[in-house]
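Working notes, structure below.
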Amino acid sequence: MELSGRRLLVANRGEIALRIGRAARALGMEVIQAHSAADADMLAVREADRAVEIGPPQAAKSYLNIPAIIDAALRTGAEAVHPGYGFLSENADFAEAVEAAGLIFVGPRPETIRRMGDKAAARAAAVAAGVPVAPGSDGRVRDAEAAVRIARDIGFPLMIKAAAGGGGRGIRVAEDAQALPALIAEAQREARAAFGDDGLYLERMIRDARHVEVQILGDGSRAVHLWERECSLQRRRQKLWEEAPAACLDPDTRQALCDSAVRLARSVGYRGAGTLEYLFEPASGQFFFMEMNTRIQVEHPVTEAVTGIDLVEWQLRIAFGQPLTLEQGAIRLDGHAIEVRVNAEDPARGFMPFPGVVEELALPPDVRFDSMLYPGYAIPPFYDSLLGKLIVHGADRAEALERLRAALAATRIGGVKTTLPLFAALAEDPDVAAGNVHTRWLESWLERNPIRS
Amino acid sequence: MAKEIRSPLPGTFYRRPAPDQPPFVEDGGSVAAGQVIGLVEVMKTFHEVKAEEAGSNLRFRVENEEPVMAGAVLAEMD
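Protein chains in written order, with our numbering: chain V, 1 to 453; chain F, 1001 to 1078.
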């Protein structure tokens, strides 16, 4: 199906709205940008062929308002709706409402969104497709004897958790089967005292876990992977720095990981772009499926940098019924890419949000910067703090890091505080250069290395 | 002259700690110095708004869940 001349409503804001609009226009499509009253002067509105206001500043009344978005699409004669990421992108009811209105939803089928959005259902789908998941006791263990038996299947080290617990209380780590009975008794006593309930369950502990994730594309019948990303540098579970490929994987593990993702994608007849998130344990070389995101992700540009494939373009092609013509064997990794998330937050003051007016804006030449900024732009306080993403690409990881340092040195965003100083410090850190990180690493690093303004 | 409580940040003003809970302060209520009268959500994080001094007969000038600018008068009191 030809995309040229077709009309697309972009139901999102900020840098991703701009990214989607540009991809659509490159395909000859007409772009209608939906926006809240607070976003009338955002860059995506300025670049769009047409803009339509969908409600007041609060997201609940605009970007999350399903009837208002459907109405805007119908009123402007749009044929398709792209939800971007966040907001309604993984809302099966929204996808259903879009299709019920006779429009194309740029994303998976509503039933796929619903299934993969349910943690237990997604885990069951993964198990059925032969994708490893972190083993656990699937409920309470009766006593120490049962625990030892179950633990043999789970593997060590494992965590003993209180069924009624929370906040880390009542958690014990058993290194081997020998230590288990005493720890179980201890955990039971503590759980009984703290919660009045000595029920326990067991879960495999993933030591020094690294967050790896596989990008997939499917058209409902075929599916391919576009290799993996690593996003272990996180603060409060928010990714701040992403790379492709994951330097912690050897070629065999990489292949096994990506193959497993394709198996799951095929087994659910996946349509569109999606990401399977895993935890990787370096000591054992094992990876475990955690969850699937049924949308484009913030960090998709690092995959684009190392594969040369435009993911948003493929989302649109697939949505309009074009077959996925990418051959797995032709999707090759070229070099290494790093993305850092430039957020309007002050890293010197506990990452306090910093909405404000952008004054000076200096960007490095020849570096991809996906951003919603322009000089004079007033950053609204109503949405998340992501301003843009700086993406560098090198022949290898060392060269990508070198380019990141140079790019950061050449970037200035005046008038607001951003996370740029954090990345300048991280780019000089020997552990980052050596790849000695895990998902809890950044938080402890920040305690030892406060960022000064 | 009435005392004013202003928003320290731009964002969305909330009078309740959670949608299913009562407001921090009822209309016409009294507050002690340092008492929380509402929250301002800015970029998905929540910040408490406190009365800097004690007062009575609190009158809100901004509705619950309404957008506010930094420095906007949220409430007046005697």
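We put the CB at the ideal spot given by N, CA and C, even for glycine.
- Contact between V/GLY55 and V/ALA44 is ruled out by a C-beta separation of about 16 Å, above the 8 Å threshold.
- Neighbourhood of F/MET1001 in chain V, by CB distance below 9 Å: empty, with the nearest CB roughly 30 Å away.
- Taking 8 Å as the CB threshold, F/GLY1011 lines the interface with chain V.
- Chain-ordered, the chain V residues with CB closer than 7 Å to the CB of F/VAL1042 read PRO353, PRO355 and PRO381.
- Among the CB atoms of chain V, none fall inside 8 Å of the CB of F/GLU1063.
- Runs of the alpha helix (DSSP H) lying entirely within the segment 122-198 of chain V and spanning at least 4 residues, in chain order: 144-154 and 180-195.
- If you check the CB distance, V/ALA305 and V/GLU243 do not come in under 8 Å.
- Close to chain V, meaning a Cβ-Cβ distance shorter than 7 Å, is no residue of the segment 1017-1028 of chain F at all.
- It is roughly 16 Å from the alpha-carbon of V/MET290 to the alpha-carbon of V/GLN297.
- Taken in chain order, the complete beta strand (DSSP E) segments of 3 or more residues contained in the segment 317-377 of chain V are 336-343 and 368-371.
- Rounded to whole angstroms, the separation of the alpha carbons of F/ILE1037 and F/GLU1066 is 15 Å.
- Taking F/ALA1032 as the centre and dropping the five residues before and after it, the same chain places the C-beta of ALA1051 and ALA1054 closer than 8 Å to its C-beta, in chain order.
- The Cβ of F/PRO1067 sits closer than 8 Å to at least one Cβ of chain V.
- With contact defined as three or more Cβ pairs closer than 8 Å, the segment 106-119 of chain V and the segment 256-274 of chain V are in contact.
- Taking a contact to require three or more Cβ pairs closer than 8 Å, the segment 122-129 of chain V and the segment 141-156 of chain V do not qualify as touching.
- Taking C-alpha positions only, V/ALA23 is separated from V/GLU313 by approximately 6 Å.
- Taking a contact as a CB-CB distance under 8 Å, the pair V/MET29 and V/LEU8 counts as one, their CB atoms being some 5 Å apart.
- Contact check for V/ALA122 against V/GLY107 fails: the beta carbons are separated by 8 Å or more.
- With fewer than 16 other beta carbons inside 10 angstroms of its own, F/PHE1046 counts as exposed.
- According to the DSSP assignment, V/HIS300 belongs to the alpha helix (DSSP H) that extends over 300-307.
- Non-local beta-carbon contacts of V/ILE70 in its own chain, meaning distances under 6 Å to residues more than five positions away in sequence, involve ALA97 and ALA101 in chain order.
- Judged by beta-carbon spacing, V/ARG235 lies within the 8 Å limit of V/PHE351, meaning their Cβ atoms are closer than that value.
- Any Cβ of chain F closer than 8 Å to the Cβ of V/PRO57 would place that residue at the interface, and such an atom is present.
- Taking 8 Å as the cut-off, the Cβ atoms of V/SER137 and V/LEU202 count as close.
- Spatial neighbours of V/PHE288 in its own chain (CB-CB distance under 7 Å, excluding positions within 5 residues in sequence) are listed in chain order as PRO132, VAL133, ALA134, ILE206, TYR278 and LEU279.
- Contact between V/TRP445 and V/SER232 is ruled out by a C-beta separation of about 12 Å, above the 8 Å threshold.
- DSSP places V/ILE451 outside both helix and strand once states are collapsed to three, so it counts as coil.
- Counting C-beta pairs with one atom in each stretch, the segment 211-222 of chain V and the segment 247-265 of chain V have three or more that are closer than 8 Å, which means they touch.
- Burial check for V/GLY376: the Cβ neighbour count within 10 Å stays below 16, so the residue is exposed.
- The Cβ of V/SER385 sits closer than 8 Å to at least one Cβ of chain F.
- DSSP places V/PRO245 in no beta strand (DSSP E); its state is neither H nor E.
- Per the coordinates, the alpha-carbon of V/VAL437 lies some 8 Å from the alpha-carbon of V/ARG210.
- Look at V/SER62 here: in three-state DSSP terms it is coil, with no helix or strand label.
- V/GLU53 is bridged by DSSP to V/HIS35.
- Pairing V/PRO282 with V/CYS248 gives a Cβ-Cβ distance under 8 Å.
- Proximity to V/ARG46 across V/GLY21, V/ALA191, V/ALA433 and V/GLN178 peaks at V/GLY21, based on C-alpha coordinates.
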